[in-house]
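K.L.:
Chains as they are written, first to last, in the numbering used here: chain H, 1 to 480; chain P, 1001 to 1096. For every residue, glycine included, the Cβ atom is placed at its ideal position computed from N, Cα and C.
#1: Could one say the Cβ of residue 1065(P) lies closer than 7 Å to chain H's Cβ atoms, at least one of them?
#2: Would residue 1060(P) count as contacting chain H if we go by Cβ distances under 7 Å?
#3: What does the alpha-carbon distance come out to for the pair residue 97(H) and residue 333(H)?
#4: Can you look up residue 396(H) in the DSSP assignment and give me helix, strand or coil?
#5: Considering only the alpha carbon of each residue, which of 410(H), 367(H), 378(H) and 356(H) lies closest to residue 384(H)?
#6: Less than 8 Å between the CB atoms is what I'm expecting for residue 323(H) and residue 354(H), so what's the real figure, rounded?
#7: Relative to the alpha-carbon of residue 405(H), which residue among 448(H), 456(H) and 219(H) has its alpha-carbon at the smallest distance?
#8: Would you list, in chain order, the members of the region 1031 to 1052 of chain P that have their beta-carbon closer than 8 Å to a beta-carbon of chain H?
#9: By Cβ distance below 6 Å, which residues in the same chain neighbour residue 391(H) in space, the five residues on each side in sequence not counted?
#10: On the three-state DSSP scale, how would you describe residue 383(H)?
#11: State yes or no: is the C-beta of residue 106(H) within less than 7 Å of the C-beta of residue 1074(P)?
#12: At what residues does the beta strand (DSSP E) containing residue 356(H) begin and finish?
#13: When DSSP labels each residue in this structure, what does residue 320(H) get in the three-state scheme?
#14: Looking only at its chain, what residues have a beta carbon closer than 7 Å to the beta carbon of residue 297(H), apart from the 5 residues adjacent to it on each side?
#15: Would you list, in chain order, the members of the region 102 to 118 of chain H that have their beta-carbon closer than 8 Å to a beta-carbon of chain P?
#16: Out of 1061(P), 1077(P), 1025(P) and 1038(P), which one is the CA nearest neighbour of residue 261(H)?
#17: Looking at residue 198(H) and residue 158(H), is the spacing between their C-beta atoms short of 7 Å?
#18: Under 9 Å Cβ-Cβ, which residues of chain H neighbour residue 1057(P)?
#19: Suppose you measure from the CA of residue 481(H) to the CA of residue 423(H); what does that come to, to the nearest Å?
#20: When you compare only the Cα positions, how much space is there between residue 1040(P) and residue 475(H)?
#21: Here's the rule I'm using: 16 or more other beta-carbon atoms within 10 Å means buried, otherwise exposed. How should residue 68(H) be labelled?
#22: Which chain H residues are close to residue 1026(P), counting only those with a beta carbon under 8 Å from its beta carbon?
#23: Taking only three categories from DSSP, how would you classify residue 1080(P)?
#24: Could you pull out every residue in the same chain whose Cβ sits closer than 8 Å to the Cβ of residue 1028(P), ignoring the five residues on either side in sequence?
#25: So, helix, strand or coil for residue 458(H), using DSSP?
#26: For residue 432(H), which residues does DSSP report across the bridge?
#27: Taking 6 Å as the line, does the beta carbon of residue 328(H) fall inside it for any heavy atom of the ligand PLP?
#28: I'd like to know if the region 269 to 282 of chain H and the region 135 to 154 of chain H are in contact, where contact means that at least 3 CB-CB pairs between them fall below 8 Å.
#29: Using beta-carbon positions only, say whether residue 240(H) and residue 52(H) come within less than 7 Å of one another.
#30: Consult DSSP for residue 227(H) and reduce its assignment to one of helix, strand or coil.
#31: Under the rule that 16 or more other beta-carbon atoms within 10 Å means buried, what is residue 319(H), buried or exposed?
#32: Cβ of residue 71(H) less than 7 Å from any chain P Cβ?
#33: Taking only three categories from DSSP, how would you classify residue 1035(P)?
#34: Put residue 1052(P) into one of helix, strand or coil per three-state DSSP.
#35: State the Cα-Cα distance for the pair residue 155(H) and residue 366(H), rounded to the nearest angstrom.
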């Protein structure tokens, strides 16, 4: 409040009013952003949270628009039109299964904006007579470094998620050494620029190094690690906006960027913990390369396969069923068929729950959004730690396109790349039914011993087709 | 010279507040959380607006306009998709 009053007091007339309005709108926007995240904590208040964010953003934009030193609105409006034309159709028509790609793309846009703004600010300085101070320059360098690497990194993540680029990690000799020297060179350029802000020849080099490192960072990362990487890029994009706030001395930018940075950081920590891996391991471990030999050497155990009608019988006779969805469900777009199966089973009095592993899918919360889209009540979606104790009492664990998150090797096989990762205890269920396209190993390229257990039945085929067939069988035997 | 120390205080307080608030967000909503925070960090649009509107140099106008477009894509798309997702989370059966 003091800031607002001060702004009103020290100025007068039209310009003064505009400045006071801008200041007030920024203060309110910052408060609304915090409230918006607070309300997002529970599904019942979450939409109010989104609304608070929208109002805060609208106020802040209005505040920016009334500033008196704006001489023309032509290019601002052009930017708005282009942005709305690009953003709205994506939000309206995009399939929910494509949410990870869209998120990666939006991180790219956010980071691009920060890098462009930082670049523009640097070249606006009269570098010979009045270069920026080292403090400002330090933040500006961080802004374009984070912005640049997040821009290309997120574009690469988008390419991998959209499967324009190969989803397996791409590795080459001395990759980590090479990547880290690019990062090192970028940091050295940033430090030199901070000490000598007038060395303008170095600025383009910093930009090139930043965007190059962004590409290199994502090349060795496999699809299964995308949830962590997306969260990390989210954090970087936020920090980049925060750094911009330091350059411009804008508290609103600092706060909004810090909130985004904190959110991305928490999510990536949760993802890492859910895989029992460190940031370093995710970023530099090239997890998910095709495992040559190692596992293939062992004897091949036989698997028992079943047809949809048998599975329908087993499910229909069960009391408790736990469904474990994975990325395969998203790929097959099977969530609506899962809902049909859920309806049929619920009608028969079967208690159906869904077990959600934090890293199932390609981004944090991916499975929850897909199942919510299929109108499965969210109180049926249970987190890993809360449901793991229920598997021994569960008659059927139905695994739909999940693999590594149910691999018992994570518990006991010290040689397995996923050793130590917390898993869903599907193998403790009385019967396991696993829906899978074929016996090919999952993303991490590891054999899954769950499939060769005596009480496991494999239901081979496209998840959407076989779940639909199972639901039909159940409906048929129900007297419809 | 910007007021560095107060900026750092603001950053630290906002980061701690963010960590505390976001820790409470249900894992159910982690996807909408990410799209909402991403829209919020598109607040950099206010700096881009200033660049595109004050037209201090050709370069700053061009980069500013591009930045307005990029940030506004996130604002429009981000809030819309977040709302679309949040609308889907229902506690009880809605079908008859």
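P.N.:
Result, derived from the coordinates:
#1: Taking Cβ atoms only, chain H reaches closer than 7 Å to residue 1065(P), which makes this a yes.
#2: yes
#3: 7 Å
#4: Here residue 396(H) carries a strand assignment [DSSP, helix/strand/coil].
#5: 356(H)
#6: Confirmed, Cβ separation roughly 5 Å.
#7: 448(H)
#8: 1031, 1032, 1033, 1034, 1035, 1036, 1037, 1038, 1039, 1040, 1041, 1042, 1043, 1044, 1045, 1046, 1047, 1048, 1049, 1050, 1051 and 1052
#9: The residues are 425, 428 and 429.
#10: strand
#11: yes
#12: 351 to 356
#13: If DSSP states are grouped into helix, strand and coil, residue 320(H) belongs with the strands.
#14: Only weak support is given to the placement of residue 297(H): the predicted model assigns it a pLDDT of 40, under 50, and the value that follows is read from those uncertain coordinates. If we look at residue 297(H) and ignore the five residues flanking it on each side, it has no Cβ neighbours.
#15: 102, 103, 106, 107, 109, 110, 112, 113, 114, 116 and 117
#16: 1038(P)
#17: By the CB criterion at 7 Å, residue 158(H) and residue 198(H) fall outside the cutoff.
#18: 120, 123 and 124
#19: Residue 481(H) is absent from the structure shown; chain H starts at 1 and stops at 480.
#20: 46 Å
#21: exposed
#22: 41, 42 and 43
#23: helix
#24: 1089
#25: Residue state, collapsed to three classes: strand.
#26: 397(H) and 456(H)
#27: The ligand PLP is not part of the structure shown, which contains no ligands of any sort.
#28: no
#29: no
#30: helix
#31: exposed
#32: Interface residue, yes.
#33: Taken through DSSP and simplified to helix, strand or coil, residue 1035(P) comes out as helix.
#34: helix
#35: 19 Å
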